[in-house]
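**Student:** I have a structure here, written as structure tokens, and I will follow up with some questions on it.
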Amino acid sequence: MRRSVLVLFALLPLCGAAATPPSPAPQPLVREVMTRALPEQPGKEALILTVEYPPGGADPVHRHDAHGFVYVLEGRIVMGVAGGKEVTLGPGEAFHEGPSDLHIVGRNASATEPAKFVVFLIKDIGKPAVLPPH
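Letter by letter, the sequence shown follows residues -19 to -1, 1 to 115 in mature numbering (1 follows the signal peptide of the UniProt record, and there is no 0).
Here it is, written out as structure tokens:
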């Protein structure tokens, strides 16, 4: 009996590993570069961000309620909005998200190399840059 209990305890970590969900993707590092009111567009401002995806990094599903323009500086990223196709982008390539788009895919295309891009947002003054998906 004692031997059976020892074997059972020895096997428990293996059972837990099968039931443990995969760890979430590493979170991106987001830095604000500049915010500027747009006097010619009353109530609007431009916000510039840099985003760095670590290897395997990804964004959660979100939206912006803004026009967002993504420009890739380094690495390769995968972007996609609901109802659209996923696209893989490299340095010098760009992507647009509209105010009504749900951003369902945003991730590093590589599990071994980082990726970096700039985001230019045209949004309502004072509103958050990133909103939950609902």
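For glycine and all other residues, C-beta sits at the position ideal for the given N, C-alpha and C.
Just so it is clear, the structure is predicted and the values come from calculations on it, not from any experiment.
Quick one: complete beta strand (DSSP E) runs, 3+ long, within the segment 29 to 85?
**Tutor:** For the segment 29 to 85, whole beta strand (DSSP E) runs of length 3 or above, ordered along the chain, are 48 to 55, 58 to 62, 68 to 70, 75 to 78.
**Student:** Under three-state DSSP, which class holds L112?
**Tutor:** If DSSP states are grouped into helix, strand and coil, L112 belongs with the strands.
**Student:** Report the rounded CA-to-CA distance for H48 versus H84, giving the unit in angstroms.
**Tutor:** Cα to Cα, the separation comes out at about 12 angstroms.
**Student:** Counting along the chain, where does the beta strand (DSSP E) carrying A18 start and finish?
**Tutor:** Unbroken beta strand (DSSP E) run through A18: 10 to 18.
**Student:** Which residue's Cα is closest to the Cα of T16: V100, H115, P114?
**Tutor:** Ranking V100, H115, P114 by Cα distance to T16 puts V100 first.
**Student:** Distance check for A27 and S4, CA to CA, integer angstroms please.
**Tutor:** Taking the straight line from one Cα to the other gives about 35 angstroms.
**Student:** Within the same chain, show all residues whose beta-carbon is closer than 8 angstroms to that of D105, passing over the 5 residues directly before and after it, in chain order.
**Tutor:** Once the five neighbours on either side are set aside, the close Cβ partners of D105 are G24, K25, E26, D46, A47.
**Student:** Give every residue of the same chain whose Cβ lies closer than 7 angstroms to the Cβ of Y52, excluding the five residues on either side of it in the sequence, and list them in chain order.
**Tutor:** Closer than 7 angstroms at the Cβ level, and outside the excluded window around Y52, lie A75, F98, V99.
**Student:** Run through DSSP, which three-state label would A92 get?
**Tutor:** Note: A92 maps to coil in three-state DSSP.
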